[in-house]
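Participant: Here you go, one structure.
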Amino acid sequence: MGGAVSLFGAKKKRAVTPDYTGLQIQTASSALPVAIIYGTNRAAPNLIWHDGFQTHAQRSKTSGGKGGGQKATVTGYTYSTWLMLGIGEGPIQGIGTIWNGQASAAYPAYGLSLVSGTTPQEPWAPAMARYGDAALAYPGTAYAASPDFDLGSSASIPQLAFEVRGRLVGSSSSADDADPAAMLVDFLTNAQYGVGFPAASLDARTILGSPGDGSYQTACAALGLALSPVLADQETANSILTRWLLLTNAAPVWSGGLLKIVPYGDLPVTGGTVAGGTVTFQPNVTPVYELTDDDFLHAEDEDPVRLTRSDPHGIPNLQRIECSDRGHAYAATTVEARDQSAIERFGLKAGASVTAREICALPVAGLVAQLLLQRALYIRNTYTFRLSWEYCLLEPMDIVTLTDPGLGLARTPVRIREIEEDEEGLLTVVAEEFPGGVATATLYPVTGSAGRSINRDVAAAPVNPPVIFEPPPELTGGEAQVWIAASGGSGGVADPNWGGANVWISRDGVSYAEIGTITAPARHGVLTAPLPMPAGPNPDTASTLAVDLGCSAGVLTGGTLADAQAAVTLALVDRELVAYASATLTGPNAYALTTLMRGLYGSAPAPHAAGAPFARLDDAVFKYVLPAAYVGVPLSLKLQSFNVFGGALQDLATCVATTYTPLGSGRMGPVAEALAAGNPVDLGIASQTAAQADDLGLASDPYPTFIDLGLASS
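Quick note on numbering: full-length UniProt numbering labels position 149 of the sequence shown as 149, and the sequence is numbered without any gaps.
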């Protein structure tokens, strides 16, 4: 019922209250292992402490009504908190990029500071001062902390991830990844988080070496193999080591109480280093024994050497590696190697995909895929034979030659894979064929399949020098307005990430008030050639208006003569208003505009020099209704850029102020409005006090208004 409203008054608006009184934690992660991060990779932190939840009211100013001033109204709330985010075992070298949902920024960002994780380690100083009883040192654990982490309008922590420069960053072939040999030794022997393997049981000669030898470290350096694993989940050490050795083309050997790591590499390889030098891997492929039928133990009805050969129709000829692409925010990317000849002969046979997120360089993933494919394709023969105890010094990965007339073997090299000793001391040996060059491949460029990741916090460029002018009354409805054509960019090149700008105004150049928002770049630029004075009446068909809109990436389209006559294609050149019929593209964002209508809306036709400002007047131009008190007052304008997602707002203090003094060109007083409409106006007698008055402006105003008062004889 309508009467109920007037009787009891309008319904009051419900007060806006906070939705949360504390941090909202979706899952508990107290049982997660502390991550071990080698090299440089993306890792998700784990919340280890929080306190000091804060609520912040968001207010907007509204009119008080009935002549009152403005009052602040609470429109919503944002939240912040103290927190610590555990990263992993320390000390780490630093943090690169921080991903916050779909946004990213380089460290330091989002109010986070890094505690590297040394042992010993002091408690975080701000927490010690504010929450002394709860401030723990967390020795040996790297973490990021903030005393005022912005949660936005939600009280939950966003999806955060860090680009962590962890332990052992940098190898001879990579500035970002870790040396697999040093990484393996640290993982086995580190007193803080290692497996507990005794360092004395590592064969340093085969694991750590120097350029020119056949060690595991030299092989990785020469081939360019480097890894950046993030060990954040529960996994057996055996599984981790097996995967690392698979990816680095090597095998473990336990012999004589020592752990050896022997590369499969079978050819000398020389690779470049980050420092600009070279390192050469020289494999030891000299056979240690030449075995013949006299050396094999076998029964009379048994072959000395038993051969097993794999079916070529079942061998994979396509190998895929799932790795992390450092160039695309460590997105999961699949790299593959294929043998086209085998595919054409036997059909496409894809092998089991290998997940290797510790590989962050696509060329390394391509090399690993190629090595795995070559081993699967070209090592097809397996030999089994028995030897006496006198060959007890043989070890897996040793090279021997086999001579067996029954199999057509004549000093054929093979690589020992397994040796098993029975109760009588007899040795059963399993060996694989050893074709030269199969265990070596070349590092080559690889293009990933991952698309470009979107950063919602990408910084927008500051605005280009804007075009500011006051249009004539015909374009403003008789009120004074200031129009601003603006875009973002630098060096004359438009920024594709520029989404708009907040417009701020000041009368003293110190205190600024926001008056509106530009939501799209205007199409503006400069003249690339002089525009002469028109030789006759409109249309001007003799002149060409040449413009370059590169700074705003503007695109112009032509029209018809009727469009130009109706000012559909209205534009500003200096202070002259023109329209055009034809627009011909002459270069990137460069146009030749012809069939011109000159001096529109009372503007004076004039010649214009090259470099004069040009702006297409459309809905992208910001329009501000000018208060009467601002006419004739020097004003300072600042345009505060933001990106296409509405984020990464530019610091207002860094915005360049533009000074402009408005003339009030677009306004018409009551007398002028009545006369322009053709209405009679009684101005009274000269001896009487003026009943109506108009400020008709200055003779120098750029857009004078002409009123036809008719003829004296009318």
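Where is the CB? At the ideal position from N, CA and C, for every residue including glycine.
Remember, it's a predicted structure, so these values are computed and weren't measured experimentally.
1. Kindly indicate which residue of Gly132, Thr333, Ile95, Ala103 has the alpha-carbon position closest to the one of Gly166.
2. For Thr447, tell me which candidate among Ile207, Gly327, Pro605, Pro287 has the shortest Cα-Cα distance.
3. Could you pull out every residue in the same chain whose Cβ sits closer than 7 Å to the Cβ of Leu531, ignoring the five residues on either side in sequence?
4. Mind pulling the alpha helix (DSSP H) runs of 4 or more residues that sit fully within the stretch 318-359?
5. Quick one: is Gly525 buried, meaning 16 or more other Cβ sit within 10 Å of its Cβ, or exposed?
6. Pair every Cβ in the stretch 357-376 with every Cβ in the stretch 438-445, then say whether three or more of these pairs are closer than 8 Å.
7. Mind checking which residues open and close the beta strand (DSSP E) that includes Val115?
8. Does the beta-carbon of residue 717 have 16 or more other beta-carbons within 10 angstroms, so that it is buried, or is it exposed?
9. For Tyr193, tell me which candidate among Gly117, Thr206, Glu163, Leu247 has the shortest Cα-Cα distance.
10. Taking the C-alpha atoms as reference points, what is the distance between Arg629 and Tyr660?
11. Considering Cα atoms alone, identify which of Pro198, Gly314, Gly209 is closest to Leu259.
12. Please report the straight-line C-alpha distance between Ala105 and Ala648, rounded to a whole angstrom.
13. Hey, would you say Gly265 sits closer than 7 Å to Ala219, going by beta carbons?
14. Which residues mark the beginning and the end of the beta strand (DSSP E) in which Tyr45 is found?
15. Who are the near neighbours of Gly69 in its chain, counting only those whose CB is closer than 6 Å to its CB and skipping five residues on each side?
16. If we cut at 7 Å on Cβ distances, does Thr586 have a partner in chain C?
17. Quick check on Gly68: does DSSP put it in helix, strand or coil?
18. Around the C-beta of Ala297, are 16 or more other C-beta atoms found within 10 angstroms, so that it is buried, or is it exposed?
19. Please name the residue, chosen from Ala501, Glu358, Tyr143, that lies closest to Ile515 on a Cα-to-Cα basis.
20. Take Gly101 and list the residues in its own chain whose beta-carbon comes closer than 6 Å to its own, dropping the five residues that flank it on each side.
21. Taking the beta strand (DSSP E) that Ala250 belongs to, which residues open and close that run?
22. What residue does the alpha helix (DSSP H) around Phe187 start on, and which one ends it?
23. Under 8 Å: do the stretch 456-470 and the stretch 263-279 share three or more Cβ pairs, one atom per stretch?
24. Could you compute how far the alpha carbon of Ala145 sits from the alpha carbon of Leu443?
25. Pick helix, strand or coil for Ile419, following the three-state DSSP scheme.
26. Quick one, which of Tyr591, Asn538, Pro534, Thr541 has its alpha-carbon nearest Leu527's?
27. Give me the Cα-Cα distance between Leu394 and Thr384, rounded to the nearest whole angstrom.
28. Taking only runs that begin and end inside the stretch 261-298, name each unbroken beta strand (DSSP E) of 3 or more residues, in chain order.
29. For Thr81, does the count of other Cβ atoms within 10 angstroms reach 16, so buried, or fall short, so exposed?
30. Leaving out the 5 sequence neighbours to the left and right, which residues in its chain are closer than 8 Å to Ala612 when beta-carbon positions are compared?
31. If you check the beta carbons only, do Thr141 and Gly196 fall under 7 Å apart?
32. Compare the C-alpha of Ala331 against each of Asp563, Ser154, Ala615, Thr355 and name the closest.
33. Pop quiz: Phe149 and Gly111 are said to be a contact at Cβ under 8 Å. What is the actual Cβ separation, rounded to whole angstroms?
34. Using a 10 Å radius around the Cβ and a threshold of 16 neighbouring Cβ atoms, would you call Pro473 buried or exposed?
35. On the DSSP bridge assignment, give the partners of residue 783 in chain order.
36. Got a sec? Which residues, its chain only, sit under 7 Å from Gln481 by beta carbon, not counting five neighbours each side?
Facilitator: Considering the structure as presented:
1. To locate residue 166, count along the sequence shown from 1; it is residue 166. It is Ile95 whose Cα lies nearest to the Cα of Gly166.
2. Here residue 447 refers to the residue found at position 447 when the sequence shown is read from its first residue. For Thr447, the nearest C-alpha among the options comes from Gly327.
3. Looking up residue 531 in the sequence shown gives position 531. Excluding positions up to five away in sequence, the list reads Ser543, Leu545, Val573, Pro607, His608.
4. 340-346
5. On the sequence shown, position 525 is the one that residue 525 refers to. It counts as buried.
6. yes
7. In the sequence shown, the residue the question calls residue 115 occupies position 115. Val115 -> beta strand (DSSP E) spans 113-115.
8. Because the chain here runs from 1 to 714, residue 717 falls outside it and cannot be looked at.
9. Counting from one through the sequence shown, the residue named residue 193 turns up at place 193. For Tyr193, the nearest C-alpha among the options comes from Gly117.
10. Against the sequence shown, residue 629 aligns to sequence position 629. Against the sequence shown, residue 660 aligns to sequence position 660. Note that residue 629 is Ala in the sequence shown, not Arg. The alpha-carbon atoms of Ala629 and Tyr660 are separated by roughly 14 Å.
11. In the sequence shown, counting from the first residue as 1, residue 259 sits at position 259. Out of Pro198, Gly314, Gly209, Pro198 has the C-alpha closest to the C-alpha of Leu259.
12. One-based indexing of the sequence shown puts residue 105 at position 105. One-based indexing of the sequence shown puts residue 648 at position 648. C-alpha separation (whole angstroms): 10 Å.
13. Position 265 of the sequence shown, counting from 1, holds the residue named residue 265. Position 219 of the sequence shown, counting from 1, holds the residue named residue 219. Yes; because the gap between Cβ atoms is below 7 Å, this pair is in contact.
14. Looking up residue 45 in the sequence shown gives position 45. This sequence places Pro at residue 45; Tyr is not what is there. Unbroken run through Pro45: none, as it is neither H nor E.
15. In the sequence shown, counting from the first residue as 1, residue 69 sits at position 69. Here the model assigns Gly69 a pLDDT of 42, short of 50, so the residue's position is not dependable and the matter cannot be decided.
16. Among the protein chains of the structure shown there is no chain C, as only one such chain exists.
17. Residue 68 sits at position 68 when you count from the first residue of the sequence shown. Summary for Gly68: the model assigns pLDDT 41, below 50, so the residue's position carries little reliability, and this model does not support an answer.
18. One-based indexing of the sequence shown puts residue 297 at position 297. At residue 297 the sequence reads Leu, which differs from the Ala that was named. Exposed, because fewer than 16 other Cβ atoms sit within 10 Å of the Cβ of Leu297.
19. On the sequence shown, residue 515 is found 515 positions in, with the first residue counted as 1. Residue Ala501 is the option with its Cα nearest to Ile515.
20. To locate residue 101, count along the sequence shown from 1; it is residue 101. Pro158, Gln159.
21. As a working note, residue 250 is residue 250 in the sequence shown. Unbroken beta strand (DSSP E) run through Ala250: 250-255.
22. Walking along the sequence shown from the start, residue 187 turns up at place 187. Looking at the DSSP string, the run of the alpha helix (DSSP H) that includes Phe187 is 180-189.
23. no
24. Against the sequence shown, residue 145 aligns to sequence position 145. Against the sequence shown, residue 443 aligns to sequence position 443. Using only the alpha carbons, I get a separation of about 40 Å.
25. Start at 1 with the first residue of the sequence shown, and residue 419 comes out as number 419. It is a strand residue.
26. Indexing the sequence shown from 1 puts residue 527 at position 527. Among Tyr591, Asn538, Pro534, Thr541, the Cα nearest to that of Leu527 belongs to Tyr591.
27. In the sequence shown, the residue the question calls residue 394 occupies position 394. In the sequence shown, the residue the question calls residue 384 occupies position 384. The alpha-carbon atoms of Leu394 and Thr384 are separated by roughly 14 Å.
28. 269-272, 278-281, 289-291
29. Here residue 81 refers to the residue found at position 81 of the sequence shown. Thr81 should be labelled buried.
30. Taking the first residue of the sequence shown as position 1, residue 612 is located at position 612. Excluding positions up to five away in sequence, the list reads Val526, Leu527, Leu531, Val573, Asp574.
31. Here residue 141 is taken as the residue at index 141 of the sequence shown, counted from 1. Here residue 196 is taken as the residue at index 196 of the sequence shown, counted from 1. In this structure, Gly196 does not lie closer than 7 Å to Thr141 by Cβ.
32. Translated into positions along the sequence shown, residue 331 becomes position 331. Checked all of Asp563, Ser154, Ala615, Thr355; the closest Cα to Ala331 is Thr355.
33. Here residue 149 refers to the residue found at position 149 when the sequence shown is read from its first residue. Here residue 111 refers to the residue found at position 111 when the sequence shown is read from its first residue. Rounded, the Cβ-Cβ distance is 6 Å, consistent with contact.
34. The count along the sequence shown starts at 1 and reaches residue 473 at position 473. The residue in question, Pro473, is buried, as its Cβ has 16 or more Cβ neighbours within 10 Å.
35. As shown, the chain starts at 1 and ends at 714. That puts residue 783 outside it, with no answer to give.
36. By 1-based counting over the sequence shown, the position of residue 481 is 481. So the qualifying residues of the chain are Glu470, Pro471, Lys623, Tyr624, Val625, Leu626, Gly666.
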